[in-house]
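Enquirer: Numbering (our numbering), first residue to last: 5 to 134.
Using N, Cα and C, we set each Cβ at its ideal position, and we do this for glycine too.
Before anything else, here's the structure in question.
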Amino acid sequence: MSIVTEVAAADSATALAHFERALRFETDCWDVHSVLGTPEQDFVLLDVRGTDSYARGHVPGAVDLAQRKIVAAKLADYPADTVFVTYCAGPHCNGAARAAIRLARLGRPVKIMTGGVTGWLDEGFTLVPG
Numbered sequence: 005m006s007i008v009t010e011v012a013a014a015d016s017a018t019a020l021a022h023f024e025r026a027l028r029f030e031t032d033c034w035d036v037h038s039v040l041g042t043p044e045q046d047f048v049l050l051d052v053r054g055t056d057s058y059a060r061g062h063v064p065g066a067v068d069l070a071q072r073k074i075v076a077a078k079l080a081d082y083p084a085d086t087v088f089v090t091y092c093a094g095p096h097c098n099g100a101a102r103a104a105i106r107l108a109r110l111g112r113p114v115k116i117m118t119g120g121v122t123g124w125l126d127e128g129f130t131l132v133p134g
């Protein structure tokens, strides 16, 4: 028995429930990239790092809204069922999670883009300045 199988894998039904649940809270850079700017895009992508970081480079189509500035008034132009996807610098940053908490407290549907800017660049995608 290896360290990998020392703890038995979950049965298929439990695994299915776990992984489906995880995807209710997150998406990844490839999935976001595949629909950005297309008619299939059904979410608003929020760069929650802050204006200076956004200006240096952000995911194309992302909206600049620092996590600390997420308040109801900033979201007033979006329908209540708008899905927001948050991202920050990368796996070392908890800004996307903090932003997701703020959005959820405001009753907004939200997911995190795992990997953030680091993941985006690791996948070979580019940032745009401004």
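Can you check whether the CB of residue 115 is closer than 7 Å to the CB of residue 89?
Expert: A distance below 7 Å separates the beta carbons of residue 89 and residue 115.
Enquirer: Let me know the beta strand (DSSP E) ranges lying completely inside the region 33-96, each 3 residues or longer, listed in chain order.
Expert: 47-51, 87-91
Enquirer: In the DSSP assignment, find the alpha helix (DSSP H) that holds residue 121 and state where it starts and stops.
Expert: 120-126
Enquirer: If residue 136 sits next to residue 110, beta carbons under 8 Å apart, how far is it from one beta carbon to the other, in whole angstroms?
Expert: Here the chain covers residues 5 to 134 and nothing more, so residue 136 does not appear.
Enquirer: Any chance the region 50-66 sits against the region 8-21, with 3 or more Cβ pairs inside 8 Å?
Expert: no
Enquirer: If you drop the 5 nearest sequence neighbours on each side, which residues of the same chain put their C-beta closer than 8 Å to that of residue 4?
Expert: A query on residue 4 cannot be resolved here, the shown segment of the chain reaching from 5 to 134 and no further.
Enquirer: Give a yes or no on contact between the region 28-42 and the region 119-128, applying the rule of three or more CB pairs nearer than 8 Å.
Expert: yes
Enquirer: Using CA atoms only, rank isn't needed, just tell me which of 108, 130, 134 is closest to residue 29.
Expert: 108
Enquirer: What whole-angstrom Cβ distance do residue 47 and residue 87 have, given they're in contact under 8 Å?
Expert: 4 Å
Enquirer: For residue 119, does the count of other Cβ atoms within 10 angstroms reach 16, so buried, or fall short, so exposed?
Expert: Taking a 10 Å sphere around the C-beta of residue 119, we find 16 or more other C-beta atoms and assign the residue as buried.
Enquirer: Going by Cα to Cα distance, which pick from 112, 39, 43 is closest to residue 78?
Expert: 112
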